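Residue numbers (our numbering): 1486 to 1963. Ideal placement from N, C-alpha and C gives every residue a C-beta, glycine not left out. All values reported here derive from a predicted model rather than from experimental measurement. Some notes on the structure that comes next.
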């Protein structure tokens, strides 16, 4: 598992760097209006994750739950292939014949951009499924190589085409190149590892997969919409220039979440096995150590990013994007609790009890939707930042309640919440109250030392020192 963690973290770091460079390139070489259209198309494409009805996540759970039965695994794989191909075709037809509806919904009034987005959307559905097979098998080295090659090709082709004057269409060509390369590599692995089978048990496996997927997906829809509802209303109500600014502000803030998400991908199969064997002591220990260590990492990373964001934005983006600093700082404040709980984000699903999170997810979505409709049209980008921060804060609070009352995970939750509140106060004071950069950096160091000394347990500090020592040895080796 440790090796997979390293590969997953490496994948996260490298790929986020490549995606960040890609965003900087198109932000500097496209006009802010064209960048707004790209952000609208990107938002539309992200909705492709809803089309599979959670089959990708369900397949991971089913393949790991039946790890010793190759016939059953092949049955679930075959069902997944059939459903994903069918959903992809349905999406393409729906987007093509419903162009007037969807182009208005996502505010993409350029026909060429809409058609490119529609084809990409349908192919992304296939990629999401085929990629889930590699995650189920914990092939994180292969995933890292595939993602890195695809994103590198996308970045290089984007630079060449934009420098050649291709504009936003050049960006889409580069995105298609990455998508096709990823489909090829993931497809070769999946169809070599698993076989398509025809059996009378195929219908039974299909019903089981769909039943679990729909149960999981009801909550997943709420989580997805909860996280993206503010982006949707920004795109719907505000001009393309504001859409582009919010795109960057949100993207920069979400970098804080990337580390925990990568660990979550590794822990999902492991947690599934622990819950299936009812290893409660191991689950409690894993949650405690992971949450404590991540609080330390997220705290230092979050306040460092906020305190230095202003000069970083000036360095990497044109002057038109200067509002990104304030918007992103507000979102970061609301993202802290979600970021430090991200490694355990799949716990409810891993336990095979997605129904317990469904109600809380929909409660969070309803609150977010009401806030978005009431605030964003009136207060614009600042309203969107406040709504997004609130959204990111509500969901993890409800998630903590589930961990404590449904999964019975033992942890000092009150201590965690008090420390998160204190951290947000420090972040707000340093970002909006202190202008001296030296004092800000000293505050970062002081906060980090306090967390290390008073929040982490003796075992956590020993574990952290061991990991740092191993990292130093690795650096010296290379």
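Member of the options whose CA lies at the smallest distance from the CA of residue i
i: residue 1545; options: 1948, 1619 and 1530; result: 1619
i: residue 1590; options: 1903, 1722 and 1555; result: 1722
i: residue 1917; options: 1799, 1794 and 1494; result: 1794
i: residue 1639; options: 1622, 1671, 1856 and 1657; result: 1657
i: residue 1822; options: 1783, 1854 and 1811; result: 1783
i: residue 1866; options: 1796, 1883 and 1811; result: 1811
i: residue 1908; options: 1932, 1798, 1880 and 1937; result: 1932
i: residue 1603; options: 1617, 1615, 1586 and 1616; result: 1586
i: residue 1798; options: 1856, 1661, 1820 and 1738; result: 1738
i: residue 1892; options: 1765, 1919 and 1872; result: 1765
i: residue 1964; options: 1937, 1715, 1934 and 1724; result: Outside the shown range of the chain (1486 to 1963) lies residue 1964, about which nothing can therefore be said.
i: residue 1668; options: 1923, 1610 and 1935; result: 1610
i: residue 1513; options: 1814, 1800 and 1879; result: 1800
i: residue 1818; options: 1876, 1864, 1854 and 1856; result: 1876
Alpha-carbon spacing of residue i relative to residue j, whole angstroms
i: residue 1606; j: residue 1529; result: 8 Å
i: residue 1713; j: residue 1688; result: 35 Å
i: residue 1678; j: residue 1503; result: 29 Å
i: residue 1651; j: residue 1567; result: 37 Å
i: residue 1740; j: residue 1780; result: 15 Å
i: residue 1949; j: residue 1778; result: 8 Å
i: residue 1921; j: residue 1928; result: 11 Å
i: residue 1496; j: residue 1624; result: 12 Å
i: residue 1808; j: residue 1870; result: 11 Å
i: residue 1664; j: residue 1635; result: 7 Å
i: residue 1951; j: residue 1769; result: 21 Å
i: residue 1685; j: residue 1560; result: 10 Å
i: residue 1943; j: residue 1776; result: 15 Å
i: residue 1767; j: residue 1900; result: 21 Å
i: residue 1648; j: residue 1594; result: 25 Å
i: residue 1742; j: residue 1554; result: 35 Å
i: residue 1934; j: residue 1902; result: 19 Å
i: residue 1945; j: residue 1683; result: 51 Å
i: residue 1509; j: residue 1653; result: 14 Å
i: residue 1937; j: residue 1894; result: 23 Å
i: residue 1676; j: residue 1874; result: 42 Å
i: residue 1802; j: residue 1515; result: 11 Å
Per-residue burial, residue i [other beta carbons within 10 Å of its own, 16 or more giving buried]
i: residue 1939; result: exposed
i: residue 1563; result: buried
i: residue 1558; result: buried
i: residue 1763; result: exposed
i: residue 1730; result: buried
i: residue 2030; result: Lying outside 1486 to 1963, the shown extent of the chain, residue 2030 is not represented and no answer is given.
i: residue 1674; result: buried
i: residue 1804; result: exposed
i: residue 1500; result: buried
i: residue 1954; result: exposed
i: residue 1947; result: exposed
i: residue 1889; result: exposed
i: residue 1622; result: buried
i: residue 1628; result: buried
i: residue 1868; result: buried
i: residue 1583; result: exposed
i: residue 1574; result: exposed
i: residue 1571; result: exposed
i: residue 1578; result: exposed
Short CB-CB distance (under 8 Å) between residue i and chain B
i: residue 1857; result: Reference to chain B is not applicable here, since this structure consists of a single protein chain.
8 Å CB neighbourhood of residue i in its chain, flanking five on each side removed
i: residue 1886; result: 1845
i: residue 1720; result: 1524, 1525, 1528, 1591, 1592 and 1728
i: residue 1726; result: 1517, 1518, 1521 and 1805
Cut-off 6 Å between Cβ atoms - residues of its own chain near residue i, not counting five sequence neighbours on either side
i: residue 1626; result: 1492
i: residue 1707; result: 1846, 1847 and 1850
i: residue 1670; result: 1631
i: residue 1773; result: 1896
i: residue 1616; result: 1671
i: residue 1608; result: 1664
Close Cβ partners of residue i (< 7 Å) along its chain, the five nearest in sequence each way excluded
i: residue 1881; result: 1822, 1823 and 1826
i: residue 1543; result: 1694, 1697, 1698 and 1701
i: residue 1505; result: none
> Can at least three beta-carbon pairs, one atom from the segment 1596-1608 and one from the segment 1523-1532, be found at a separation below 8 Å?
Replying inline: Contact between the segment 1596-1608 and the segment 1523-1532 is present: three or more C-beta pairs spanning the two stretches fall below 8 Å.
> Three or more beta-carbon pairs under 8 Å between the segment 1907-1916 and the segment 1775-1795, yes or no?
Replying inline: Taking 8 Å as the limit for Cβ pairs, the verdict is that the segment 1775-1795 does touch the segment 1907-1916.
>> Tell me whether the segment 1856-1863 and the segment 1727-1744 touch, counting them as touching only if at least three CB pairs, one residue from each stretch, are closer than 8 Å.
In response: Too few Cβ pairs lie closer than 8 Å, so no.
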